[in-house]
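Just add 305 to the spot in the sequence shown (first one is 1) and you have this note's numbering.
Where is the CB? At the ideal position from N, CA and C, for every residue including glycine.
Computed from a prediction, not measured in an experiment: that's the story for all the values here.
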Amino acid sequence: MEIPLALQTAYADLVDRCAADAFASAFAEENGGFVPKTVKGRRYWYFQVASQDGSRKQRYVGPETPELLERIERHKTARHDRRDRQTLVSALVRSANLPRPQAEIAQVIAALADAGVFRRRGVLVGTAAYQIYSALLGARLPAAMLQTGDVDIAQFGDVSVAIGEEVPSILDVLRKVDPSFRPVPSLRDPRRATTYRAAKGLRVDFLTPNAGPDTDAPAALPALGTDAQPLRFLDFLIRQPEPAVLLHGAGVHVQVPSPQRYAVHKLIVARRRTEGAIKKDKDLRQAQSLLAALVRKRPHELRSAWREAVKRGKKWKRLVGEGIGLIDHETRDLALRTVGEPRSVVPGLDLAFSAPVGRYLADRDIVEFLGQAGGATVRCAVSREAIEDRFDGDGVDGRGLLRIFRRNRSVFETMARTKYLHWPIEDAASVLVKTADVAELRKRIA
């Protein structure tokens, strides 16, 4: 269901205002200023503060972008409008029926934001990020897929090293929210931790892309002051994250994966799940609900993310194809049509027929017959023009069309299967053989 445009605009305004407040709060010292550095040909900005002993300390701000330059320009005049933003958050939750995160999870994310995790290019991933996509896309997503007991934070390892600045101890940050937080020793190296767990079960996981051979050895994230679990395919997910606001308090400014990358990534990881059906089912349901929204709200961005994934190699293409083959067939078809792929990208998908009798539909002037593909019914049809022009059916009535169809049933089945699987998708869960198709289809099946 679409969220009213006025409320979508209000959320976009909230993102801007929370970003400005977070920026002003992070660099509040009166005796400080912004200075640029060029690293490997790219400009980065730092906030430099002079100490009483004459030394200078620098804090990382971010890579130079037009948005960052504008924020630096407005830094001194940023308004701290916490009360107004609290009112706006409450209005969005109430009027747009947007999800508000569980209090303990929101408090943890807010503490991480205050400690500079997202300013240092940490990215909120997992279901806590998915909860934000209703507001970000302006479309309500199924509430059943919003529940979580985890907070997942990801960061590129090379970015963490390059920043050269550490947050306060992650454990200290978490214990300000809940003193019961404890590090969970890594099975690979008990001296290191990538997970922190509270007494009531809430856990915080730190993740990083695995750039080399598969390994479960913890990797250091110096800028976040913790170790992280390396994961395959994570680099695709957290590349080019988007600013967003968690609807808690006066709004918590965070970075989340783009929803189109999140959806494609979920198709991939669902196929790689080994720990049981519950998480796999959740992955697929989140991917399906996001794809259904993205084909309406961000078709070009979805196409771009899909194409990037399949261009990464045969394994990527196979996993994405297998993943999308596991969701609802109508959403699958709409998504494939949007990204410009035929149904044959789904490995093993076929269109089968069980002695279709066929029936004439006078209102559409077609002969319809049913097939099965991926466990779903597919409505197949042949137009009158295709039968008249290509099968000597000129001038016959509906019964005559049915007789021609039955005499040539195997030919029509093969044409329908070929178009359904290999041609650009015209309509979800159906295929229509038209007169303009017949000549080319005959060439393909000859």
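Test: residue i CB closer than 7 Å to a CB of chain B
i, result
"residue 443", "Absent from the structure is chain B; it holds one protein chain and no more."
CB of residue i within 7 Å of CB of residue j, strictly
i, j, result
"residue 709", "residue 696", "yes"
"residue 652", "residue 626", "yes"
"residue 640", "residue 589", "no"
"residue 412", "residue 478", "no"
"residue 394", "residue 556", "yes"
"residue 445", "residue 306", "yes"
"residue 547", "residue 559", "no"
"residue 354", "residue 367", "no"
"residue 577", "residue 584", "no"
"residue 706", "residue 672", "yes"
"residue 397", "residue 439", "no"
Residue from the options whose Cα sits closest to the Cα of residue i
i, options, result
"residue 493", "356, 533, 667, 475", "533"
"residue 552", "480, 407, 339", "407"
"residue 463", "484, 614, 544", "544"
"residue 326", "418, 410, 725", "418"
"residue 506", "516, 454, 550, 519", "454"
"residue 685", "344, 720, 668, 633", "720"
"residue 541", "318, 340, 447, 566", "566"
"residue 649", "672, 585, 727, 441", "727"
"residue 441", "431, 310, 316", "316"
"residue 656", "683, 630, 498, 667", "683"
"residue 416", "509, 362, 489", "509"
"residue 362", "352, 370, 371", "352"
"residue 549", "524, 664, 433", "433"
"residue 346", "606, 324, 369, 334", "369"
Three-way DSSP call (helix, strand, coil) for residue i in this model
i, result
"residue 362", "strand"
"residue 520", "coil"
"residue 380", "helix"
"residue 320", "helix"
"residue 671", "strand"
"residue 488", "strand"
"residue 370", "coil"
"residue 425", "coil"
"residue 533", "strand"
"residue 441", "helix"
"residue 453", "coil"
"residue 582", "helix"
"residue 677", "strand"
"residue 332", "coil"
"residue 495", "coil"
"residue 292", "The shown model of the chain, from 306 to 751, leaves out residue 292, and the question about it has no answer."
Spatial neighbours of residue i in its chain, beta-carbon cut-off 8 Å, leaving aside the 5 residues before and after
i, result
"residue 694", "740, 743"
"residue 571", "588, 589, 591, 592, 595, 628"
Residues near residue i in its chain [Cβ-Cβ closer than 7 Å; skip 5 each side]
i, result
"residue 380", "328, 329, 332"
"residue 392", "none"
"residue 608", "643, 644, 645"
"residue 568", "592, 595, 596, 599"
"residue 615", "621, 622, 625"
"residue 724", "736, 738, 742, 746"
Contacting residues, own chain, Cβ-Cβ under 6 Å from residue i (five flanking each side not counted)
i, result
"residue 658", "676, 718"
"residue 733", "635, 638, 639"
"residue 377", "339"
"residue 664", "673"
Element boundaries [alpha helix (DSSP H), containing residue i]
i, result
"residue 609", "604 to 615"
"residue 717", "714 to 727"
"residue 810", "For the chain, the structure presents residues 306 to 751; residue 810 sits outside this window and is missing."
"residue 659", "Per DSSP, residue 659 belongs to no alpha helix (DSSP H) and is neither H nor E."
Range covered by the beta strand (DSSP E) that runs through residue i
i, result
"residue 342", "337 to 344"
"residue 548", "547 to 551"
"residue 541", "Taken as a continuous stretch (DSSP letters only), residue 541 belongs to no beta strand (DSSP E), being part of the alpha helix (DSSP H) at 539 to 543."
"residue 353", "347 to 355"
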